[in-house]
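Numbering (this note's numbering), first residue to last: 3 to 108.
Written as C-alpha cells, this is what we have:
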C-alpha cells in the first residue's frame, strides 16, 4: 500500500511530483508486484532526467531512444523494458518514477 502522505490520482500517478522519494518508488512498485533492482533504477533515473529536460513523460519510442542513448543499445530495446516493466513500460515506469502518465498512452 502506498504512503498515506503521497496523493495519487485515480490511476495511481503521483499528483505532486515533489512528493516522490526512492522509498515511495519502492512502495509504488510493490503495489504492482515489482521488486526494484539496479536495472529498474537505471530506467527510473533516465525517465526522471528525460522529464526534467523535456517536462513530459516519454511514450515508448522516446523512452527507448533515451535509454539507448544513456545506457546503450542493449538496454534501449522495448523487449528489455518490457521485462522490467511488464505491460506498458512507459506508463508503469513513469508511475513508479513519480511522473505523470505519458500523454499518448491509453
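For each residue, glycine too, the CB sits at the ideal point set by N, CA and C.
With respect to residue 104, residue 75 sits apart: the two C-beta atoms are not nearer than 8 Å. Under the three-state reduction of DSSP output, residue 65 falls in the helix class.
Spanning the alpha carbons of residue 81 and residue 8 requires a straight line of approximately 31 Å. At least 8 Å separates the beta-carbon of residue 99 from that of residue 26. Straight through space, the alpha carbons of residue 10 and residue 54 are spaced by roughly 20 Å. Counted as a single uninterrupted DSSP element, the stretch harbouring residue 8 is not any alpha helix (DSSP H), since DSSP gives it neither H nor E. Per DSSP, the continuous alpha helix (DSSP H) segment holding residue 98 begins and ends at 91 to 98. Residue environment analysis places residue 47 among the exposed positions, since fewer than 16 neighbouring C-beta atoms fall within 10 angstroms of its C-beta.
When 91, 38, 36 are compared, the shortest CA-CA separation from residue 64 is found for 91. Scanning 12, 21, 93 for the CA closest to the CA of residue 59 turns up 93.
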